[in-house]
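According to full-length UniProt numbering, the sequence shown holds residues 1 to 489 in order.
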Amino acid sequence: MVEMTKYLGISSFAPAMTSPVVLLIAALILCACDSSAQPTKRPDMTTLSPRLQTLFEKKKTVCFGRFVMTIPATATVVFGPAQAEYEINRYADAGGEVTQRLAEHLAIVEGKREFLHEEDIAKFPLFGKVVDGILPGQKVAFGTSNRVGYTMYSFIPIGKDLFVQHSNNVPPNADEILIFNRVASNLRLRSEDEIPAEPGICINGGFIPLDFEYEKVTIGVRLKEFPDVHFSIAALKNGDFLPVEDRLELRLIGAEAAAAHDGLGAAYARIKIFRRQARQVGAWKGFEFVAHKPAFGRDAEAHDFRFESLGASNDPLLPRLDVRLDSGVKKNKKASVKPSITDEEAIELWDRLLDSIRIRETGGGNPGAGEKKRTPLGERSMTGGTCSQDGWWRSTDCGEIEGGARRHFAFGDTFPDIVLLYKPSVWQRLTGERPRHRLTTVWELVDYDAEPAASLQVAENVAPPHFGIAPSPPPPDGDAAKDTSPRIS
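Here it is in structure tokens:
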């Protein structure tokens, strides 16, 4: 038996069917189908039903990505995988398990060694190796899964938790360890009720105050009052181009055409469609599909609500948005049990949750939380990271540093590279030249002084031993490329 869900055209970011024949057939069906759509009121136009009134008596605000939403106080938030350039996951209360989990991972890596050819061993010299990360206890393990690129797993213990970030296809000559270390050095723990005041992305149990070329966050809301109802959000930052051919409204047209082609037009017509229309949610202009599917084959009746917006190009505050509400869910399988919620309640719940999604305000702190907490002294961040505290920061590299090892940064500043100065040769002294070497560094917060004092404009040049990636030896002359050679343990 063909599943009814095949004909809803709502799979996440699925390709659209847009051939001329399909569009012609679908256009006819669309005209007939839209006429049966049943208008429904929005929650600001009517009083909530009794069960929904009770559900929303107490509310809370939760953070995901660069956004927040308001949910019932009794609701549970379930985070899916997040991506900050690469996928990152949190393992609660596993901060002390790095050695064990690293050993388990390396066993899997070594199991693939027998499939490598001799030329692969030369191509991937770090295969099976472990590199010290920038944080104490952080380890980065190398393997390969396709003989084309490295797999890299960064194990990041922070407090009682463990975060693992990974990529499965890193070119052998890439500097991705800098990305992994940049994330690790800026990642901090976050409680579920904390709404950070600075720009960045909220992930499961953590916060990263950085901008990324590629970022994605997924989140689910579960209600103990309606255990079969699942509300979920996926927010994906766009690149240069928007997938305009993959719009929800086009997929629905293709789904109707496919149903008609397969002789299931009558079954499709039994779907009770409440809304099929353009809708705006905050800054997102998108399309909404709100329907109640009848029982079909092995599937029970169920609500199937969707909102999708393409967002904008290269805008972290206007990502592609995919929001869903499904009822009749059991063990993560849709249409498994009879819904515990009525049509009216489902639509009210949908509107309340969907309309609460908004961009998280930055700079104002948590409502009622008072003054923003200071970043503790000793906090470290890598070149490219965002300053989390006004004050004096010091590079942890050794040697004479152009401009000084200790510098004043303001909240929101981007931490720069440093330039190491080396002893000039006789000829360089005659010509007035000085050999320099630019490299990434780790900045450490050492003082809270708000304003740079004039007496401190000439900052100290002697820094403690380098922490993390070892710097390259002094170049013989002129500028040299950054050294990205990691230390191997």
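Cβ coordinates follow ideal geometry from the N, Cα and C atoms, glycine included.
In this text, all values refer to a predicted model and were calculated from it rather than measured experimentally.
Should residue i and residue j be called a contact, given that it needs their Cβ atoms to be closer than 8 Å?
i, j, result
"Gly399", "Leu420", "yes"
"Ala94", "Ile208", "no"
"Leu55", "Glu225", "yes"
"Ser154", "Phe180", "yes"
"Gly297", "Asp228", "no"
"Trp284", "Ser309", "yes"
"Ile156", "Ala184", "yes"
"residue 499", "Asn168", "Examination of residue 499 is not possible in this model, given that the chain is present from 1 through 489 alone."
"residue 490", "Ile201", "A question about residue 490 goes unanswered here, because the residues of the chain that appear run from 1 up to 489."
"Pro435", "Pro424", "yes"
"Gly133", "Gly143", "no"
"Asn186", "Ala82", "no"
"Glu198", "Thr47", "no"
"Asp161", "Arg101", "no"
"Ile273", "Ala291", "yes"
"Val164", "Ala141", "no"
"Glu348", "Ser49", "yes"
"Gly286", "Leu250", "no"
"Thr375", "Leu210", "no"
"Gly80", "Thr218", "yes"
"Phe409", "Leu354", "no"
"Val130", "Lys139", "yes"
"Val62", "Glu192", "yes"
"Lys338", "Ala312", "no"
Who are residue i's beta bridge partners in DSSP?
i, result
"Asp322", "Ala234 and Glu308"
"His437", "Leu420"
"Ser381", "Trp443"
"Phe296", "Asp299"
"Arg275", "Val290"
"Thr386", "Thr414"
"Ser49", "Its beta-bridge partners do not exist; DSSP assigns none."
"Ser167", "Met152"
"Val329", "Val329 pairs with nothing; no bridge assigned."
"Lys285", "Gln280"
"Arg358", "Val68"
"Phe226", "Leu223"
"Glu198", "Paired residue(s): none; Glu198 is not in a bridge."
"Leu189", "Gly206"
"Glu400", "Leu421"
Could you tell me how far apart the beta carbons of residue i and residue j are, in whole angstroms, since I believe they sit closer than 8 Å?
i, j, result
"Arg66", "Ile357", "No, Arg66 and Ile357 are not in contact; Cβ-Cβ is about 11 Å, not under 8 Å."
"Gly412", "Arg182", "That pair is no contact at about 16 Å."
"Arg406", "Trp392", "6 Å"
"Lys59", "Thr70", "5 Å"
"Ile233", "Leu189", "Their Cβ separation, rounded to whole angstroms, is 22 Å, which puts Ile233 and Leu189 out of contact at 8 Å."
"Glu288", "Leu52", "Incorrect: roughly 19 Å between the Cβ atoms, too far for contact."
"Ala259", "Gly265", "6 Å"
"Thr441", "Ser395", "5 Å"
"Lys293", "Ile271", "6 Å"
"Val68", "Arg222", "Their Cβ separation, rounded to whole angstroms, is 18 Å, which puts Val68 and Arg222 out of contact at 8 Å."
"Glu119", "Met152", "Their Cβ separation, rounded to whole angstroms, is 21 Å, which puts Glu119 and Met152 out of contact at 8 Å."
Hey, quick one: how far does the alpha helix (DSSP H) through residue i stretch, first residue to last?
i, result
"Leu354", "Asp343 to Asp355"
"Ile253", "Leu248 to His261"
"Gly265", "Gly265 to Ala269"
Which residue comes first and which comes last in the beta strand (DSSP E) that contains residue i?
i, result
"Glu176", "Note, Glu176: premise wrong, no beta strand (DSSP E); alpha helix (DSSP H) at Glu176 to Asn186."
"Thr218", "Glu215 to Leu223"
"residue 502", "Any property of residue 502 remains undetermined from this structure, which presents the chain solely from 1 to 489."
"Gly391", "Gly391 to Ser395"
"Phe212", "Unbroken run through Phe212: none, as it is neither H nor E."
"Cys202", "Ile201 to Ile203"
Alpha helix (DSSP H) segments (min. 4 residues) lying fully within the segment 96-165: For the segment 96-165, the full-length alpha helix (DSSP H) segments reaching 4 residues or more read 98-110 and 118-123 along the chain.
Please specify which runs of the alpha helix (DSSP H), each continuous and at least 4 residues long, are wholly inside the segment 52-101, giving them in chain order. The alpha helix (DSSP H) runs of length 4 or more contained entirely in the segment 52-101 do not exist; there are none.
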